[in-house]
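So the sequence shown is residues 31 to 302, counted in our numbering.
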Amino acid sequence: MDREKITLSGAQETLLATLYGRAVDSRSPDSILHDHAAHEAVERVAYDFSKTGMTDTTAVGIALRAKQLDDWAMEFLAEHQKATVLHLACGLDTRVQRLDPPSSVRWIDIDYPEVIDLRRRLLPEPSGNYEMVGASVTDEAWLREVPDDRPTVVVAEGLTMYLRKEDGKRLIQRITERFPSGQLLFDVYGPLGIRLQKMVPAVRNAGATLHWGLDDPHEVETWHPGLTCLDAVRSVDMPGVEKMPTSGRMSMRVMAHLPGFRDVGRILRYRF
31 MDREKITLSG AQETLLATLY GRAVDSRSPD SILHDHAAHE AVERVAYDFS KTGMTDTTAV
91 GIALRAKQLD DWAMEFLAEH QKATVLHLAC GLDTRVQRLD PPSSVRWIDI DYPEVIDLRR
151 RLLPEPSGNY EMVGASVTDE AWLREVPDDR PTVVVAEGLT MYLRKEDGKR LIQRITERFP
211 SGQLLFDVYG PLGIRLQKMV PAVRNAGATL HWGLDDPHEV ETWHPGLTCL DAVRSVDMPG
271 VEKMPTSGRM SMRVMAHLPG FRDVGRILRY RF
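Put into structure tokens, the structure is as follows:
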């Protein structure tokens, strides 16, 4: 089998770490996501995945983060049978395959053109009302082409920290100004997480740079009238942390009691 050669670098290359984390989780007898499509994609890629520094603990962390966002997205779609999903910086995430939305849902995966090209080659394209858009999420043109006729849920996993704050703020404002109602689901680093970024092997080895660390989730509420924070789950408090190896659970318990470290990462849900 010919394997796909990877030419991505920087922030785009880090998508391979999250793909690999989900693949590692899928091989566990106590798998969280059962993301076998991720495992199959990894098998088809010519890449040294040891560069990601992935461990059993970090793989569980990636899977738990993904599951929290999946669960919130499913809740939204259960309440809104006809909705739009904007999956920003989708990378090689198999979220649309995992959630398997009905054809009444309009699902749009957005990422750089070269990432979308790789996605087309590695992942099965779902049926239904599905579209892939090759563009930077901060470009304004693609958003103007999305119909504004439905409640909209936006999912962005592993994106915000690579943006500069002003770009993230404007992206959120453009989305909340365009659509009549919906939710924003995304994860963030705290300021300490940004300062310690070189301790993350996937970031360091890809030569990527993290920019934006969110200190107070309620700050985002001031960016658009009616924008309300519904949930702010600390990474150290994610449901399912007990599935981590013993060393990982102990690290999480210690971090949960240290100022700065307990806010090193959060998963957020907003209503607008």
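Heads up, the beta-carbon is just placed ideally off N, CA and C, and yes, glycines get one too.
Just so you know, the alpha carbons of Lys273 and Ser61 end up roughly 9 angstroms apart. Contact between the stretch 128 to 146 and the stretch 208 to 225 is absent: fewer than 3 CB-CB pairs across the two stretches fall below 8 angstroms.
Residues Gly243, Leu244, Asp245, Gly290, Asp293, Val294, Gly295 and Arg296 of the same chain have their beta carbon placed closer than 8 angstroms to that of Gly220, with the five preceding and five following residues left out of the count.
Annotation for Ala71: no beta strand (DSSP E) segment contains it, though the alpha helix (DSSP H) segment containing it runs His66 to Glu73.
Spanning the alpha carbons of Lys199 and Leu46 requires a straight line of approximately 26 angstroms. If you draw a 10 Å sphere on the C-beta of Val284, you find fewer than 16 other C-beta atoms in it, and that means exposed.
Here His69 has Ala53 and Ser56 as same chain residues with Cβ atoms under 6 angstroms from its own Cβ, once five neighbours each way along the sequence are excluded. Per DSSP, Trp253 lies in no beta strand (DSSP E) segment and is marked neither H nor E. In its chain, beyond the 5 residues on either side, Val183 and Gln213 have a beta carbon closer than 6 angstroms to the beta carbon of Phe106. Membership of Tyr219 in the beta strand (DSSP E) is indicated by the continuous run Gly212 to Tyr219. The shortest CA-to-CA distance from Ser166 to any of Pro156, Gly158, Val185 and Asp141 is the one to Asp141. In summary, Ala76 is exposed, with fewer than 16 beta-carbon neighbours lying within 10 Å of its beta-carbon over all protein chains present.
Looking from the CA of Asp65, the closest CA among Val126, Pro275 and Ser39 belongs to Val126. Closest option to Ile138, judged by alpha-carbon separation, among Lys97, Tyr160 and Arg301: Tyr160.
Excluding its 5 nearest sequence neighbours in each direction, Thr82 has C-beta neighbours in its own chain below 7 angstroms: Leu46, Ala47, Tyr50, Pro231 and Ala232, listed in chain order. For Gly91, the three-state secondary structure derived from DSSP is helix.
Burial check for His287: the Cβ neighbour count within 10 Å stays below 16, so the residue is exposed.
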